[in-house]
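What follows is a short report on a single structure.
In the numbering used here, the protein residues as written are 451 to 741.
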């Protein structure tokens, strides 16, 4: 078990920690990030998203370097854009970086607030509506904000808003309003299904993976369901059946999909149970028996 996960569990269990950085210095995962070289912009984005899942990673030199790069090149006046231009802003990447910044203690920075404001002004959470966002670069990526908004963008945005509400400001009424709106949209889809035929909405939405990538995964869906206390609803019954079907004989869950891109680092292989994914799912299901 990687020492970065041991640190995470000690924090969750509220145990005393004398020197958290020692855990990171011994972490094989952190070492892999430290050895990354010659990354593209996307590679740097994925690296920062992964590092943000590790407690105290904001103190690492690699994290500070990545944040400085994102601030200089990816953060725009409208939000985070992996194209380096505001007109090319894509909801899922804007949201994932917003979430990462919140987890790194950067939730009140100008960069994060601009990303949040973009969501508040332009993100759609329902069909047959028109966004007031006028840049057309977004349409090059599958019609993120057309009559049927991209489901991946909705899911990633809800994750980001959950992080913002938990870690930065739990009194922002607009954030809660958007969370309710987005959650209702997902419930209408039974969290992961197409309305037309009941099949999976997107690739890998029924696969567990960690950390997150551009794909909306089963781990993302389960995380959202737990954080928004949705397990007691009829609309999440199929999701519960699906996640239980993936439970291993050792009462854990495995990483089922590893995204291939230099800069993205899977925290576990696909052969053994993933403590990171298992922890997320167990925390999500914790109060399920009371629903």
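Think of the CB as a built atom: it goes at the ideal place given N, C-alpha and C, for glycine as much as any other residue. A quick note: this is a predicted structure, and the numbers were derived from the prediction, not measured.
Can you tell which of 644, 706 and 648 has its C-alpha closest to the C-alpha of residue 728?
706
Under 6 Å Cβ to Cβ from residue 476, same chain only, skipping five residues before and after it: list those, please.
453
Check whether the region 504-512 touches the region 537-546, counting contact only when three or more Cβ pairs, one atom from each stretch, lie closer than 8 Å.
no
If you measure between the beta carbons of residue 669 and residue 658, is that distance less than 8 Å?
yes
Simplified DSSP assignment, three categories, for residue 537
Three-state DSSP puts residue 537 in a helix.
Does the beta-carbon of residue 522 have 16 or more other beta-carbons within 10 angstroms, so that it is buried, or is it exposed?
Result: exposed.
Please state the DSSP three-state secondary structure of residue 710.
coil
Is it a yes or a no for the region 695-704 touching the region 637-652, going by three-plus beta-carbon pairs under 8 Å?
no
Inter-stretch contact (C-beta, 8 Å, three-pair minimum) for the region 708-718 and the region 490-504:
yes
Determine contact between the region 521-541 and the region 636-645, defined as no fewer than three beta-carbon pairs at a distance below 8 Å.
no
Whole-angstrom C-beta distance between residue 512 and residue 551, which should lie under 8 Å
Contact flag wrong, Cβ pair sits at about 16 Å.
In whole angstroms, what is the alpha-carbon distance linking residue 601 and residue 671?
11 Å
For residue 566, collect the residues of the same chain with a Cβ closer than 7 Å to its Cβ; drop the 5 residues on either side in sequence, then sort them by chain order.
548 and 614
If residue 553 sits next to residue 529, beta carbons under 8 Å apart, how far is it from one beta carbon to the other, in whole angstroms?
Contact flag wrong, Cβ pair sits at about 17 Å.
Pull up the distance between the alpha-carbon of residue 617 and that of residue 538, whole angstroms please.
28 Å
For residue 581 and residue 471, the rounded distance between their alpha carbons
44 Å
Could you give the first and the last residue of the continuous alpha helix (DSSP H) run that contains residue 530?
Note, residue 530: premise wrong, no alpha helix (DSSP H); not H, not E.
Integer Cβ distance of residue 473 from residue 457, believed to fall under 8 Å:
4 Å
Just the Cα atoms here: how many angstroms apart are residue 592 and residue 469?
With a pLDDT of 46 at residue 592, under the threshold of 50, the predicted position of this residue should be treated as unreliable, and no value is reported.
Going straight from the alpha carbon of residue 542 to that of residue 627, what length do you get?
19 Å
For residue 637, the nearest candidate out of 555, 571, 455 and 680 (CA to CA):
680
Which one of 639, 604 and 624 has the shortest CA to CA distance from residue 687?
639
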